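If you use UniProt numbering, the sequence shown closes out at 253, no skipped numbers anywhere. Glycine residues also receive a C-beta, built at the ideal position from the N, C-alpha and C atoms. Just so we're clear, the structure is a prediction, and the values are computed from it rather than from any experiment. Structure record follows, encoded as structure tokens.
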Amino acid sequence: MQRYFVSKNNIATDGHIIITGDDARHIQKVMRMRPSDRMICADNSGNAYQCVIEACGDDQVHAYVQNKLTADPELPIYVAIAQGMPKSDKFDTIVQKGTECGASLFIPFQAERSIAIWKEEKKDKKLLRLKKIGKEAAEQSHRLYIPEIVNPMGLDQLIAFSASFPFRIVAFEETAKSGEQAVLPELLGKMHRGERLLAVIGPEGGLTLEEAQKLKDHGFALCGLGPRILRTETAAVYLLSAISYHFELQQVR
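Below is the structure:
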């Protein structure tokens, strides 16, 4: 069933919903939905509802709540990905796939070896694009929340930001090359539902030894992501998949 995020301000206390803008046009022009068709509306605050369309017109769609959904597809822990800025459109893929895998926050990280540099005059446009990709991916994967995407940070800003995260890791290529594979599963084993994890992933050239050491000095655990060296656009998906297995799939055995 098609899913859309709707502002809480557009959900009345009597259960009537108004959808506007691009989503209203998508419902009418792309999905060709009509009155009596059903869809799911989420409010980006943890609630999702099965709704029935009442009327379509211009750039608005009117619907009413049929029932509230109880399924919770969110990861049991809050995961923030600090992604070393990659070149080309790789960040688009990272946000899209990372959202589908459950990430709650993406931080563009200006690492020393980052090839891409976001010019100030283009930063807002890039963030707007990434937020749109995150919203669409959250709808496609039936998330209850759209992931947050914040302004780019340098190393010192990232370290200061990390203070609110009790669990912090760095996917470090040199650690992986040394054969280390225990840090990540041991850290996940210490975590409980609702806790917060910040994961730093380097750009194409990886993190420098100096960056890794500085992060380690500020409470980040250096870890490998398995025995193979991953591309930067693969690392976040690998990590989120490992977290999903640990907290979700492994629990049902």
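{"Asked": "Local conformation of P166 per DSSP, three classes", "Found": "coil"}
{"Asked": "Boundaries (first-last residue) of the beta strand (DSSP E) holding P108", "Found": "L105 to F109"}
{"Asked": "Selection from V237, G226 and P227 that minimises the alpha carbon distance to K90", "Found": "V237"}
{"Asked": "For K87, the three-state DSSP class (helix, strand or coil)", "Found": "coil"}
{"Asked": "Which residues DSSP lists as bridging A82, in chain order", "Found": "I107 and V200"}
{"Asked": "Identified DSSP bridge partners for T20", "Found": "Q60"}
{"Asked": "At least three beta-carbon pairs within less than 8 Å, the stretch 50 to 61 to the stretch 76 to 92", "Found": "no"}
{"Asked": "Exposed unless 16 or more other CB atoms sit within 10 angstroms - verdict on A55", "Found": "exposed"}
{"Asked": "DSSP state of E54 mapped onto helix, strand, coil", "Found": "strand"}
{"Asked": "Under the three-state DSSP convention, the category Q2 falls into", "Found": "coil"}
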